[in-house]
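Let me begin by presenting the structure, written as structure tokens, before commenting on it.
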Amino acid sequence: MPGGKIVFYTGILATAKTEAGIAAIMWHEVAHALADHGAQRMSANRAKLGLDYLVGKSVENKTEDKQKKILMAYSIGNQVSGVLPFSKKHETEADRIGLELMTIAGYEPKEAAELWWRMQAASEGKTPPEILSTHPSSLRRIRNIEAHIPVADSLAAIIQKN
Ligand SMILES: [Zn+2]
83 MPGGKIVFYT GILATAKTEA GIAAIMWHEV AHALADHGAQ RMSANRAKLG LDYLVGKSVE
143 NKTEDKQKKI LMAYSIGNQV SGVLPFSKKH ETEADRIGLE LMTIAGYEPK EAAELWWRMQ
203 AASEGKTPPE ILSTHPSSLR RIRNIEAHIP VADSLAAIIQ KN
């Protein structure tokens with residue numbers, strides 16, 4: 083929302099179910115905001131800047147040597163994780179960046195996949211959560227998230243280890 087706030091409808095809480103479920107939704111929305119998807123701009127670069135900022139923040143208090151190691155690993159990780167290509171659709175982009183941010187924040191990335199399984203189940207119910215009108219859950223989305231878990235895990239491990 084304008085001013086940088088992220089708002090939840092309480093209706094989503096039944097499907098979010100756990101703190102990690104809420105985190106998965108929140109980081110997905112943060113990823114959209116960082117990537118400026120609200121303005122409908124293809125700006126994977128902005129998202130990368132946001133991620134750069136967060137990674138930069140996380141190394142602030144480390145020694146110079148450790149900072150170099152982390153940042154080098156991060157830049158290699160970027161090339162592997164595909165944050166850069168402009169061809170990705172917004173949702174796939176937000177799913178991947180959100181998954182990385184969530185994992186760096188200390189949550190189990192597999193919880194994101196489990197959230198989207200619950201979303202899919204909820205979409206078959208009488209009152210599907212509002213978010214599903216703009217975020218249809220699909221097997222393709224879940225598989226994409228699952229495939230990106232190792233990248234998110236290694237990125238978080240690198241930051242935690244150093
Ligand atoms: Zn989205």
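Sequential numbering from 83 applies to the sequence shown in my numbering.
Glycine included, each C-beta is placed from N, C-alpha and C at the ideal position.
Beta carbon of residue i nearer than 9 Å to that of residue j
{"i": "Ala102", "j": "Leu181", "result": "no"}
{"i": "Lys144", "j": "Asn244", "result": "yes"}
{"i": "Pro191", "j": "His217", "result": "no"}
{"i": "Lys148", "j": "Val141", "result": "yes"}
{"i": "Arg223", "j": "Glu173", "result": "yes"}
{"i": "Thr97", "j": "Pro211", "result": "yes"}
Burial state of residue i, where buried means 16 or more other Cβ atoms lie within 10 Å
{"i": "Val162", "result": "With a pLDDT of 41 at Val162, under the threshold of 50, the predicted position of this residue should be treated as unreliable, and no value is reported."}
{"i": "Tyr65", "result": "Residue 65 is absent from the structure shown; the chain starts at 83 and stops at 244."}
{"i": "Trp109", "result": "buried"}
Beta-carbon separation (whole angstroms), residue i vs residue j, contact threshold 8 Å
{"i": "Ser219", "j": "Ser236", "result": "That pair is no contact at about 26 Å."}
{"i": "Ile227", "j": "Ala203", "result": "That belief does not hold up - the Cβ atoms of Ile227 and Ala203 are roughly 16 Å apart, past 8 Å."}
Cβ-heavy atom distance, residue i to ligand 1, below 8 Å
{"i": "Thr97", "result": "no"}
{"i": "Glu212", "result": "no"}
{"i": "Thr247", "result": "This structure cannot settle anything about residue 247, because the visible part of the chain is limited to 83 through 244."}
{"i": "Glu111", "result": "yes"}
{"i": "His217", "result": "yes"}
{"i": "Ala187", "result": "no"}
{"i": "Ala176", "result": "yes"}
The alpha helix (DSSP H) enclosing residue i, as first and last residue numbers
{"i": "Ile240", "result": "221-243"}
{"i": "Thr216", "result": "213-216"}
{"i": "Val112", "result": "101-116"}
{"i": "Thr97", "result": "95-98"}
{"i": "Ala194", "result": "192-205"}
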